[in-house]
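Under the UniProt record's numbering, the first residue of the sequence shown carries the number 1, and numbering increases by one thereafter.
Here's the structure, in structure tokens; my notes come after.
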Amino acid sequence: MSIVVEALENITFPLHYPKAFSYGILSKSTAPSILLYGPPGTGKTLLVRALARKAESKILAISGADISDKYVGVGEKKIKNMFSLARSEYPCIIFIDEADALLCSRSPNGRSCERAYLNEFLSEMEGINSRNYRNPILIAATNRPFDMDEGILRRLGRRIMVDLPDVHAREEILKIHTRGESLDESFKISELAKNTPGYSGSDLKNLVYSAAMAAFREQLTLTKTSAGYPGPADYELGSGRVLHKRHFLHAKREIPASPIAETVAKIREFHNKFGETIQKRGGGGLVNKIKSSVSV
Numbered sequence: 001m002s003i004v005v006e007a008l009e010n011i012t013f014p015l016h017y018p019k020a021f022s023y024g025i026l027s028k029s030t031a032p033s034i035l036l037y038g039p040p041g042t043g044k045t046l047l048v049r050a051l052a053r054k055a056e057s058k059i060l061a062i063s064g065a066d067i068s069d070k071y072v073g074v075g076e077k078k079i080k081n082m083f084s085l086a087r088s089e090y091p092c093i094i095f096i097d098e099a100d101a102l103l104c105s106r107s108p109n110g111r112s113c114e115r116a117y118l119n120e121f122l123s124e125m126e127g128i129n130s131r132n133y134r135n136p137i138l139i140a141a142t143n144r145p146f147d148m149d150e151g152i153l154r155r156l157g158r159r160i161m162v163d164l165p166d167v168h169a170r171e172e173i174l175k176i177h178t179r180g181e182s183l184d185e186s187f188k189i190s191e192l193a194k195n196t197p198g199y200s201g202s203d204l205k206n207l208v209y210s211a212a213m214a215a216f217r218e219q220l221t222l223t224k225t226s227a228g229y230p231g232p233a234d235y236e237l238g239s240g241r242v243l244h245k246r247h248f249l250h251a252k253r254e255i256p257a258s259p260i261a262e263t264v265a266k267i268r269e270f271h272n273k274f275g276e277t278i279q280k281r282g283g284g285g286l287v288n289k290i291k292s293s294v295s296v
């Protein structure tokens with residue numbers, strides 16, 4: 001079973017099977033909060049939104065910029081109000097994007113306001129780990145889990161790595177992004193997938209876009225009027241473009257894999273100590289699996 005599907009079930013089951021959660025250990029605590037971490041562009045935010053839709057939950061998305069304030073005590077009040085709002089909007093998911101910026105490790109040289117934010121978060125997270133049927137689910141996402149505060153990490157009971165897609169996942173992602181495009185018969189998506197190691201889902205989307213633009217520019221160049229300016233018929237261009245291998249080769253030169261090797265190495269070191277993995281194989285269809293694999 002997919003780790004994310006299992007995490008989703010932890011969220012949805014109490015809503016749809018309340019009797020099962022009315023006794024025993026399931027009545028005494030809520031589903032663990034979740035940390036999604038991995039290289040940039042691997043679809044962490046997309047996964048959270050898919051989780052919220054499937055769980056039929058509202059989602060309250062925040063970042064460090066939403067909390068930070070120059071006035072003492074205001075940031076802590078925002079955090080308290082956020083959790084209060086989430087409880088009033090039950091069922092609700094609190095999603096903290098770029099969590100490392102807001103929940104980074106405490107240090108003697110850290111600003112007092114940052115320590116106050118962490119302390120307020122720790123207090124609220126302690127509260128949602130107790131059994132209260134109106135508690136929100138907390139999901140945090142980060143590209144830098146190794147920068148996060150240890151106290152926060154302890155309270156994020158599910159720590160799931162959203163990895164770079166392997167060759168099978170890359171092929172799925174490329175198929176998704178080339179839908180609606182006409183591909184030359186000699187072009188093989190599987191071949192492109194094999195030749196794009198290290199590409200994230202976001203990189204692959206940009207790659208396909210670049211290839212489509214290359215095909216359109218080529219088409220436009222071939223059909224310009226003799227004066228060098230677009231003629232009336234040129235505004236109908238684009239409906240018949242065909243993407244060839246040369247367009248993807250051009251796109252690869254324009255869109256290389258994101259240079260994140262150092263970050264990935266640190267993420268893997270963190271993962272080996274603390275985490276679980278998804279998207280090692282076939283992860284391109286993970287959101288579809290979330291939509292289809294869980295009964296609600």
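Don't be surprised by glycine CBs; every beta carbon is placed ideally from N, CA and C.
On a predicted model such as this, the values are computed, not experimentally measured, just so you know.
Grab the span of the alpha helix (DSSP H) containing residue i for me, first residue to last.
i	result
Val-264	261–274
Ile-173	167–177
Leu-51	44–54
Ala-193	189–194
Met-82	74–88
Leu-249	245–254
Leu-138	No alpha helix (DSSP H) holds Leu-138; the beta strand (DSSP E) holding it covers 137–142.
Glu-185	Looking at the DSSP string, Glu-185 is not in any alpha helix (DSSP H), and its letter there is neither H nor E.
Gly-151	150–155
From which residue to which residue does the beta strand (DSSP E) around residue i run?
i	result
Lys-58	58–62
Phe-95	92–96
Leu-36	34–37
Leu-103	Run containing Leu-103: none; DSSP gives neither H nor E here.
Arg-158	158–162
Could you tell me if residue i is buried or exposed, where buried requires 16 or more neighbouring beta carbons within 10 angstroms of its beta carbon?
i	result
Tyr-199	buried
Glu-124	buried
Asn-142	Position check: residue 142 holds Thr in this sequence, whereas Asn was assumed. When all chains shown are included, Thr-142 counts as buried.
Pro-232	For Pro-232, the predicted model reports a pLDDT of 49, less than 50, meaning its position is unreliable; a value from the coordinates is still stated below. Exposed, by the Cβ-count rule.
Ala-20	exposed
Arg-241	buried
Gly-275	buried
residue 298	The structure shown has nothing for residue 298, since the chain only spans 1 to 296.
Arg-170	buried
His-16	exposed
Ala-265	exposed
Ala-215	buried
Pro-39	buried
residue 297	This structure gives no information on residue 297, because the portion of the chain shown stretches from 1 to 296.
Tyr-37	buried
Lys-77	exposed
Val-79	The identity of residue 79 in the sequence shown is Ile, whereas the question assumes Val. Buried, by the Cβ-count rule.
My assumption, with CB atoms under 8 Å, is that residue i sits in contact with residue j. Please give the rounded CB distance.
i	j	result
Ile-189	Thr-178	7 Å
Ser-88	Met-148	Contact doesn't hold; Cβ gap of about 28 Å is too wide.
Arg-158	Asp-100	With 8 Å as the limit, Arg-158 and Asp-100 do not qualify as a contact, their Cβ atoms being about 17 Å apart.
Leu-164	Thr-42	6 Å
With a CB to CB cut of under 6 Å and the five nearest residues on each side skipped, what residues in its chain are close to residue i?
i	result
Ile-137	Ile-11 and Ile-93
Glu-98	Ser-63
Ala-52	Ile-59 and Ile-93
Ile-255	Asn-206, Leu-207 and Ser-210
Please list, in chain order, all residues of the same chain as residue i whose beta carbon is under 8 Å from its beta carbon, the five residues on each side excluded.
i	result
Phe-187	Leu-243, His-244, Lys-245 and Phe-248
Ser-33	Met-125, Ile-128, Asn-129, Ile-137, Leu-138, Ile-139, Ala-140, Arg-155, Leu-156, Gly-157 and Arg-158
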